[in-house]
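These notes are about the structure you will find just below.
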Amino acid sequence: MQRRRRLSPQALLLLDALAARPADWQYGLELAHVTGLQSGSLYPILIRLADRGLLESRWLEPSEPGRPARHAYRASAAGLKALVEAQAAERTVREALA
Numbered sequence: 001m002q003r004r005r006r007l008s009p010q011a012l013l014l015l016d017a018l019a020a021r022p023a024d025w026q027y028g029l030e031l032a033h034v035t036g037l038q039s040g041s042l043y044p045i046l047i048r049l050a051d052r053g054l055l056e057s058r059w060l061e062p063s064e065p066g067r068p069a070r071h072a073y074r075a076s077a078a079g080l081k082a083l084v085e086a087q088a089a090e091r092t093v094r095e096a097l098a
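Numbering (UniProt numbering), first residue to last: 1 to 98.
And the structure:
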């Protein structure tokens with residue numbers, strides 16, 4: 001049986017930022033500004049979340065000629081579900097400790 005790994009606080013922060021605009025494709029730099037995560041943390045988390053099917057990624061063509069294509073991300077249905085479940089579990093723990 002495959003073990004489900006818990007999401008780190010940083011991964012949850014990133015999923016929360018993506019969930020705020022679930023239909024929009026967002027760039028890494030944009031997500032770094034929103035979450036405060038440095039690129040050395042951000043991009044490995046994005047890769048892990050994509051590998052687990054919790055977010056979608058794709059290359060977007062540049063808006064200006066001569067610019068490179070950019071990698072963009074958005075939360076998948078599984079990612080949104082994982083975020084809701086993690087938030088509910090956190091709420092349960094807080095209520096139990098109150």
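Where is the CB? At the ideal position from N, CA and C, for every residue including glycine. Nothing here was measured: the structure is a model prediction, and the numbers come from that model.
8 Å CB neighbourhood of residue 79 in its chain, flanking five on each side removed
So the list reads 15, 18, 19, 49, 53, 54, 55, once near-sequence residues are dropped.
Exposure label - residue 11; buried when at least 16 CB within 10 Å
By the neighbour-count criterion, in which a residue is buried when 16 or more other Cβ atoms sit within 10 angstroms of its Cβ, residue 11 is buried.
Where does residue 76 land, buried or exposed, given buried means 16+ other C-beta within 10 angstroms?
Flag for residue 76 reads buried.
With a threshold of 8 Å on Cβ separation, who are the neighbours of residue 59 within its own chain once the five nearest residues in sequence on each side are excluded?
Annotation for residue 59: 69, 70, 71, 72 place their beta carbon closer than 8 Å to its own, counting only its chain and skipping 5 residues before and after.
Let me confirm a value: residue 82 is counted as buried when at least 16 other C-beta atoms fall within 10 Å, else exposed. Which label applies?
Buried, because 16 or more other Cβ atoms sit within 10 Å of the Cβ of residue 82.
Could you tell me if residue 37 is buried or exposed, where buried requires 16 or more neighbouring beta carbons within 10 angstroms of its beta carbon?
Under this definition residue 37 is a buried residue.
Report all residues from its chain with a CB closer than 7 Å to the CB of residue 66; omit the five preceding and five following residues, and keep chain order.
For residue 66, there are no CB contacts under 7 Å within the same chain when 5 residues up- and downstream are skipped.
First through last residue of the alpha helix (DSSP H) which encompasses residue 72:
Per DSSP, residue 72 belongs to no alpha helix (DSSP H); it is in the beta strand (DSSP E), 70–75.
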